[in-house]
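J.: So that you can map any letter, position 192 of the sequence shown is 194 in the working numbering, and since no number is skipped, the others follow by simple counting. We put the beta carbon where it would ideally sit given N, CA and C, even for glycine.
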Amino acid sequence: MRRYIAKRVLVAVFTMLIIVLIMFLMFNLMPGSPFNDQHLKKDQIDALYRKYGLDRPVLERYFRYLYNLLRGDFGVSYNIQKNMEITKILALRLPITVRIGVQAMIIGAVAGIILGIISAVNHGKAIDPVVSVFSMLGSSIPSFVFGLALLYFLAFKLKLFPIMYSMDAPIASTILPSIALSIFPMANIARYARAEMISVLDSGFVDLAKAKGVSKTGILLKHVLRNSLIPILTVMAPMLVELITGSLVVENIFSIPGLGNLFIMAVQSNDFSVSIAIMFIYSTFYITVMLIVDLLYGIIDPRIRISGQAQ
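1. DSSP beta-bridge partners for E87?
2. First and last residue of the alpha helix (DSSP H) that includes I200?
3. From S285 to I294, what distance separates their C-alpha atoms?
4. Pull up the CB-CB distance for V256 and L153, whole angstroms please, since I reckon it's below 8 angstroms.
5. Around the C-beta of Y194, are 16 or more other C-beta atoms found within 10 angstroms, so that it is buried, or is it exposed?
6. Does DSSP put Y69 in a helix, a strand or coil?
7. Using a Cβ-Cβ cut-off of 7 angstroms (strictly less than) and excluding sequence neighbours within five positions of I289, which residues of its own chain qualify?
8. Going by beta carbon distance, what residues of the same chain come within less than 7 angstroms of A174, once the five residues before and after it are set aside?
9. Take the Cβ of D296 as the centre, count every other Cβ of all protein chains shown within 10 Å, and call the residue buried at 16 or more, exposed below.
10. Return helix, strand or coil for I258, following the three-state DSSP convention.
11. Roughly how many whole angstroms lie between the Cα atoms of I119 and A197?
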């Protein structure tokens with residue numbers, strides 16, 4: 003199992019190094035300049051390039067950036083908040099984006115698994131097609147459509163939640179965007195959970211458990227749900243990252259000062275130090291979550307654990 007974990011960690015670290023290289027080269031070789039102020043003269047722009055070390059060769063800048071990155075230093079912002087450390091900018095915005103993404107994932111996962119169980123247990127009955135239709139609609143309609151509907155009815159009409167993000171009510175301000183983002187994972191998890199649980203319910207070991215007198219609840223929790231968790235986790239892992247990294251439009255709808263809003267500003271202003279930092283965080287999220295899922299496989303499925311020990 004230790005070798006299994008070590009291999010996954012090494013692959014994750016190597017992947018991150020490749021991603022950083024590609025991102026750095028892509029942003030630094032793109033046309034345009036972070037210093038687009040019309041009032042700046044050429045000698046002033048040249049002085050700014052020297053100040054930030056942007057006049058040096060790309061590879062030299064990459065290795066210096068990588069060295070600073072390993073120390074947790076993302077550099078400074080060129081435009082958005084001039085000369086402010088990017089780590090300080092991210093520290094203000096990252097928790098908001100993560101909170102919304104995690105809340106949305108928890109809502110979507112819990113509700114999706116419950117809907118999947120209800121649909122699988124009542125397979126062929128009236129409620130089954132209702133869950134299927136919801137899954138289809140939830141997977142097809144963009145999150146920002148749900149966001150606009152929730153904003154209009156619950157925030158504007160009923161005034162149950164803030165219309166815009168407020169630092170005075172950080173939890174209440176994130177409920178509606180979290181619900182809007184949760185519909186997509188809820189629908190997909192319900193669909194996957196239903197399919198997996200129907201398959202498990204038809205298996206021989208479930209019939210054996212029934213013959214032994216195991217209660218219906220015990221069969222669902224100990225046998226059906228547990229054996230359905232691996233494919234469900236496989237779906238949930240990338241969804242969590244998508245919720246965190248793909249909330250650009252929803253953040254703008256609710257005026258949330260998160261990473262999505264910051265990334266749009268960074269791209270528009272050619273502030274590529276901020277852009278690279280945000281993409282690095284997004285990539286780190288994805289790789290870390292997939293690594294955790296790999297390790298959870300070994301906990302949930304004994305066959306993977308035995309295979310890891312044999313390697």
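T.: The short version:
1. Residue 87 sits at position 85 when you count from the first residue of the sequence shown. Residue pairing by DSSP places E87 opposite V78 in a beta bridge.
2. Locating residue 200 in the sequence shown gives position 198, counting from the first residue. Here the alpha helix (DSSP H) through I200 covers P172 to L203.
3. Here residue 285 refers to the residue found at position 283 when the sequence shown is read from its first residue. Here residue 294 refers to the residue found at position 292 when the sequence shown is read from its first residue. S285 and I294 have their alpha carbons spaced roughly 14 angstroms apart.
4. Numbered from its first residue, the sequence shown carries residue 256 at position 254. Numbered from its first residue, the sequence shown carries residue 153 at position 151. Just to set this straight, residue 256 is Phe in the shown sequence, not Val. With 8 angstroms as the limit, F256 and L153 qualify as a contact, their Cβ atoms being about 7 angstroms apart.
5. Here residue 194 is taken as the residue at index 192 of the sequence shown, counted from 1. Buried is the call here.
6. Reading the sequence shown from its first residue, position 67 is the one you call residue 69. The DSSP-derived three-state label of Y69 is helix.
7. As a first step, residue 289 is located in the sequence shown; it is residue number 287 there, counting from the start. Correct list, in chain order: A14, T17 and M18.
8. By 1-based counting over the sequence shown, the position of residue 174 is 172. Around A174, the same chain offers F163 and P164 as residues with beta carbons nearer than 7 angstroms, after the five sequence neighbours per side are excluded.
9. For this step, residue 296 is matched to residue 294 along the sequence shown. Residue environment for D296: buried (at least 16 other C-beta atoms within 10 angstroms of its C-beta).
10. Walking along the sequence shown from the start, residue 258 turns up at place 256. DSSP, read as helix, strand or coil, puts I258 in coil.
11. Your numbering for residue 119 matches position 117 in the sequence shown. Your numbering for residue 197 matches position 195 in the sequence shown. Near 10 angstroms, if we compare the C-alpha coordinates of A197 and I119.
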